[in-house]
Each structure stands twice: as structure tokens, then as C-alpha cells.
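Just below is one structure, and these are the notes that go with it.
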Amino acid sequence: MSGEITLFVNPTAGHGRGAGAAQPAARALRAAGFSVRTVVGADADDALTRARRAVRGGTGALIAVGGDGMTSLALQAVAGTDTPLGVVAVGTGNDIARSLGLPVRDPAGAGRVIAQALKEGRSRSIDLGRVGGRWYGSVLASGFDSRVNDRANRMRWPAGRLRYDAAILAELAGLRAVPYRLRLDDGPPLETDATLVAVGNGPSYGGGMRICADARLDDGLLDVTVVGECGRTTLLRVFPRVYRGTHLAHPAVTVHRAAKVTLETATPGETVTGYADGEPLGPLPLTVEAVPAAVRVLAPEPAGP
């Protein structure tokens with residue numbers, strides 16, 4: 001493995017924490033004997049081009065410094081290659097880092113975990129979801145939660161998880177079910193009216209909302225959480241349970257598992273946008289595939305099933 005490590009930095013992540021986080025992470029890596037270079041793009045496309053160039057050039061690891069958006073961008077560069085991914089999570093949601101058991105908003109601690117894994121030659125293979133040519137690590141959201149994502153991305157206040165909570169309350173005013181048509185693997189179409197449908201490679205989104213609480217990163221399957229038609233009162237009553245994952249026991253919630261999932265609306269002209277890792281993918285229909293062992297990550301082994 002090359003002794004040179006590439007820090008892939010989003011300087012604006014976490015209201016400016018990204019720029020400052022790169023320094024303690026770099027110090028931890030240098031203290032372990034690694035040479036560190038930093039990649040910062042002018043925009044997302046330029047950053048991805050630079051990251052892919054580093055991967056092709058044989059960098060020992062690509063370390064994403066930022067939030068889930070930066071980690072998702074790094075996945076586009078390392079998925080399907082032998083280059084391991086490290087995550088220094090200093091963004092708003094940090095769901096990918098949480099699902100990997102990595103430190104959150106502790107760049108020096110994350111740097112030490114990554115350095116130790118590199119010194120020991122230890123990495124872990126995890127699955128990814130793939131939609132066309134795009135990879136994702138956590139959850140694909142559609143329906144009510146994608147409208148919440150859309151609103152939260154437009155908001156500048158409040159910060160952190162509270163932004164999603166505020167966006168949820170605002171979207172409740174227009175709450176309605178969407179007629180979905182789902183296809184799981186090669187099974188027959190399943191038509192259902194749903195408030196939201198989430199397809200999880202990992203368990204959480206939105207800063208710790210465990211919408212697909214039982215999803216595992218190494219089982220070769222996607223967890224599909226379908227929240228059926230429900231009113232505002234029911235949704236408000238169930239919502240706090242999402243952070244613990246206990247909402248899965250509610251009678252309005254159904255969970256499926258499949259290696260391939262197609263989502264589409266059953267009503268002509270109905271537009272629903274899909275988001276993955278908090279980034280817009282485009283309108284349904286979308287087909288998601290689970291790709292086993294798609295990327296190597298510098299993270300602890302899971303404690304158990």
C-alpha cells in the first residue's frame with residue numbers, strides 16, 4: 001500500500017468545520033508515518049475528478065472529510081476499486097460514519113482510527129446501493145421524506161438534526177399518501193399507497209433517524225421500509241420512535257428485503273424525487289441494486305448481528 005494518503009476535503013461542511021477538521025486528521029495520519037496530501041475541488045464535479053485521479057494514481061486511501069455528501073462523493077471515486085475509504089465525519093447528518101461505528105465530529109479521533117487501520121493493513125468490505133451509475137451508502141428516500149430533504153436543503157436554520165425536524169413539521173401541512181408500484185427482485189409488482197418508501201443499504205438518514213433500523217452493511221440485501229397511508233397525528237406519534245428504530249413494529253409500517261428494488265409511482269404525472277445519502281438522484285422510477293462488498297472501508301468490525 002502506498003504511504004501517501006489523500007484527504008478529500010469539503011471546507012464548507014458542518015458550517016465550516018470541514019476546513020478545520022482536515023488539520024487534526026492530517027496530524028494523526030502524519031504521526032503514524034503517512035504522507036498526506038489534500039484535495040479540494042472548485043465544485044463537486046472538479047472535486048470528484050481530482051479524487052478519481054488520486055485513486056488512479058495509487059493513493060493508499062481516500063479520506064473523506066465532511067458530511068454524508070462528501071462521503072457519498074468519495075464513494076463515486078473508490079467503489080469497485082482496491083482503494084480503501086476513510087471517513088472523518090464533521091457534517092450535519094454523518095449517518096454513514098455512524099453506521100460504520102466511526103467517531104463523529106472528532107477529527108483527531110477519526111484520524112487515529114484510520115491511521116491504526118492502515119498500519120495494521122485492516123479494512124472491512126461493505127455493500128453499497130447502486131442506482132444506474134451512482135453509488136450510495138446509507139438510505140434512498142422517497143415520498144414524504146424526500147420532500148423533507150428538499151425543504152431541509154433550502155433551510156439555513158436551525159442547524160443539525162433540528163433542521164430535519166423543522167422541515168418535517170413544515171411538510172406535515174401537505175401530508176398525503178402516494179400510490180407506489182414496487183418490484184422486489186423479480187417478483188410481481190406490489191401496488192400500495194404509502195406516505196414514504198425508504199430503501200436502506202444502511203440503517204439511518206437525517207442525522208440518526210433509523211428508518212431502516214435492521215439494515216446491515218454486509219448482507220447483500222436492501223431493507224425496504226414502507227410507511228403506509230397515515231394521518232398527521234399518527235405520523236407525529238410515531239416519528240420520535242424513528243430515532244430508536246422501534247417504529248418498525250407499528251402496524252402502518254412494512255419491511256421487505258431484496259437485492260434489487262424498483263420504485264415508481266402508480267399515478268401518471270405524479271412526480272416523486274429520490275434522494276440517496278441526502279443527495280438528489282432524480283424522479284421515480286428508479287431501480288436500486290445491492291452490490292455486495294463494493295467498497296473497502298477503514299472502520300471497526302461490527303460488534304455483532
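Numbering (UniProt numbering), first residue to last: 1 to 305. Yeah, the Cβ is synthetic: ideal placement off N, Cα and C, and Gly gets one too.
{"Item": "Quick one: is R98 buried, meaning 16 or more other Cβ sit within 10 Å of its Cβ, or exposed?", "Value": "buried"}
{"Item": "Please say whether V199 and V253 have beta carbons closer to each other than 9 Å?", "Value": "no"}
{"Item": "Which stretch, first to last residue, makes up the beta strand (DSSP E) that contains G282?", "Value": "E279 to P283"}
{"Item": "Work out the CA separation of A266 and P189 for me, nearest whole Å.", "Value": "10 Å"}
{"Item": "Rank R244, A74, P285 and P300 by C-alpha distance to the C-alpha of G132 and give the top, closest one.", "Value": "P285"}
{"Item": "Have a look at the DSSP bridge pairing and note the partners of P179.", "Value": "D193"}
{"Item": "With burial defined as no fewer than 16 other Cβ atoms inside 10 Å of the residue's Cβ, what is the status of G20: buried or exposed?", "Value": "exposed"}
{"Item": "In terms of residues, what are the limits of the beta strand (DSSP E) holding T225?", "Value": "L222 to G228"}
{"Item": "CA-CA distance, L236 and M155?", "Value": "21 Å"}
{"Item": "At what residue ranges does the region 12-58 contain a whole run of the alpha helix (DSSP H), taking only runs of 4 or more?", "Value": "13-31 and 44-56"}
{"Item": "Using three-state DSSP, classify A266 as helix, strand or coil.", "Value": "coil"}
{"Item": "Any chance the CB of L235 is under 8 Å from a heavy atom of the ligand MN?", "Value": "Questions concerning the ligand MN fall outside what the structure shown contains, since it holds no ligand whatsoever."}
{"Item": "Going by alpha carbons, who is nearest to A167 out of N153, A177, R112 and G69?", "Value": "N153"}
{"Item": "Which value, in whole angstroms, describes the spacing of the CA atoms of T271 and R151?", "Value": "16 Å"}
{"Item": "Over the uninterrupted beta strand (DSSP E) stretch that includes V139, give me the two end residues.", "Value": "V139 to G143"}
{"Item": "Which residues does DSSP pair with S125 in a beta bridge?", "Value": "R296"}
{"Item": "On the three-pair Cβ rule with 8 Å, is the region 69-77 touching the region 37-51?", "Value": "yes"}
{"Item": "With which residues is K260 paired in a DSSP beta bridge?", "Value": "E289"}
{"Item": "With a 10 Å radius around its C-beta and 16 neighbouring C-beta atoms as the bar for buried, classify D223 as buried or exposed.", "Value": "buried"}
{"Item": "Select from G121, G274, V255 and P300 the residue whose C-alpha is nearest the C-alpha of R130.", "Value": "G274"}
{"Item": "Between the alpha carbons of H15 and L128, how many angstroms are there, rounded?", "Value": "The pLDDT assigned to H15 is 49, lower than 50, so where the model puts this residue is not dependable; a value taken from the coordinates is nonetheless given after this. Roughly 28 Å separates the two Cα atoms."}
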